[in-house]
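Student: Read left to right, the sequence shown gives residues 738 to 852 (this note's numbering).
The beta carbon of each residue, even a glycine, is placed where N, CA and C say it ideally should be.
What you are looking at is a predicted structure, and each value in this text was computed from that prediction instead of being measured.
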Amino acid sequence: MKLNRILFFNLGIILFTQLLLFSPVNAFAQEQRRGYEVGYKIEDGDTVYQIRIRDTYLFNWPDSKRRGREWREFSRLVYNFRMAYPYALMAKEKVLVADSVLASRKFTSKGREKF
738 MKLNRILFFN
748 LGIILFTQLL
758 LFSPVNAFAQ
768 EQRRGYEVGY
778 KIEDGDTVYQ
788 IRIRDTYLFN
798 WPDSKRRGRE
808 WREFSRLVYN
818 FRMAYPYALM
828 AKEKVLVADS
838 VLASRKFTSK
848 GREKF
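#1: In chain order, what residues of the same chain have a beta carbon less than 7 Å from the beta carbon of Val847, not counting five sequence neighbours either side?
#2: Could you give the DSSP three-state label for Val775: helix, strand or coil?
#3: Jot down the residue ranges of each uninterrupted beta strand (DSSP E) in the region 805-843, minimum 3 residues, whole runs only, in chain order.
#4: Over the uninterrupted beta strand (DSSP E) stretch that includes Asp783, give me the two end residues.
#5: Can you name the start and end residues of the alpha helix (DSSP H) that Arg849 belongs to?
#6: May I have the straight-line CA-CA distance separating Thr793 from Leu833, to the nearest angstrom?
So this is what it looks like as structure tokens:
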């Protein structure tokens, strides 16, 4: 019985040391990389980096359509939207919080109206 314990103990130590010796070193300390890799090509002695950029679309109205009532209405609509949209996002968050509170707590009908 005592011999089996010693044998298993020694076998465990041997397996553990082999695991430490033959395991790859970088498994214990992983390198933290920042950014991303970029491809490059050498042309006439110059290094040219090749980066993929997302497509960008530019919409432009012709000068002939930038006059008149329709253009004024459209530009006013865009202006009003830009002014009101941040407040709409804040209101959306408030409504979501209020809905989650109403769903999580058991209110009476009077308490729900009060809330």
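Tutor: The answer reads as follows:
#1: Just to set this straight, residue 847 is Lys in the shown sequence, not Val. Excluding positions up to five away in sequence, the list is empty.
#2: If DSSP states are grouped into helix, strand and coil, Val775 belongs with coil.
#3: Secondary structure within the region 805-843: not one fully enclosed beta strand (DSSP E) run of 3 or more consecutive residues is present.
#4: Start and end: Asp783 to Gln787.
#5: Here the alpha helix (DSSP H) through Arg849 covers Ser846 to Lys851.
#6: Each residue's Cα considered, the two are about 33 Å apart.
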